[in-house]
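K.L.:
Residue numbers (the numbering used here): 1 to 92.
Beta carbons: idealized from backbone N, C-alpha and C, even for Gly.
Please find one structure pasted underneath; my questions will follow.
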Amino acid sequence: MTAQNKNDNEACCDPKSSSCNVEAIVSVDSKGRILLPSELRQKGNVNSDDKFAVVSWKKNGDICCFSLIKVNYLGNMVRNFLGPMMKELTND
């Protein structure tokens, strides 16, 4: 089963059911491009023209981490995050 075949109502990065792994060490070239190794692209079912949201975390004002999220999962993640808050607001 590929990531795209999973239940659309599931968050792909649910901390309760996922793990964090260092998959590769990559570098940025002079044009700002990052090459994902082919093994990682295969594992993640990443194809040319796939789109990703780049999420950053700051610590003490400096960006310390980046995360890539496939855009086809982004809507469900936002819905799962904001849904309970919106439901609470509409119940008031």
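Please return the same chain residues whose Cβ sits closer than 8 angstroms to the Cβ of C64, not counting the five positions on each side in sequence.
P.N.:
Excluding sequence positions up to five before and after C64, its CB lies within less than 8 angstroms of the CB of W57 and K58, all in the same chain and listed in chain order.
K.L.:
Is the CB-CB distance between V71 and K51 below 8 angstroms?
P.N.:
yes
K.L.:
To the nearest angstrom, how far is it from the Cα of K93 to the Cα of N45?
P.N.:
A question about residue 93 goes unanswered here, because the residues of the chain that appear run from 1 up to 92.
K.L.:
Roughly how many angstroms lie between the CA atoms of P37 and G61, to the nearest whole one?
P.N.:
30 angstroms
K.L.:
What separation, rounded to the nearest whole angstrom, lies between the Cα atoms of V78 and V26?
P.N.:
28 angstroms
K.L.:
Thinking just about the alpha-carbon of each residue, which of E39, Y73, K43 and N21 is nearest to the one in V54?
P.N.:
Per the Cα distances, Y73.
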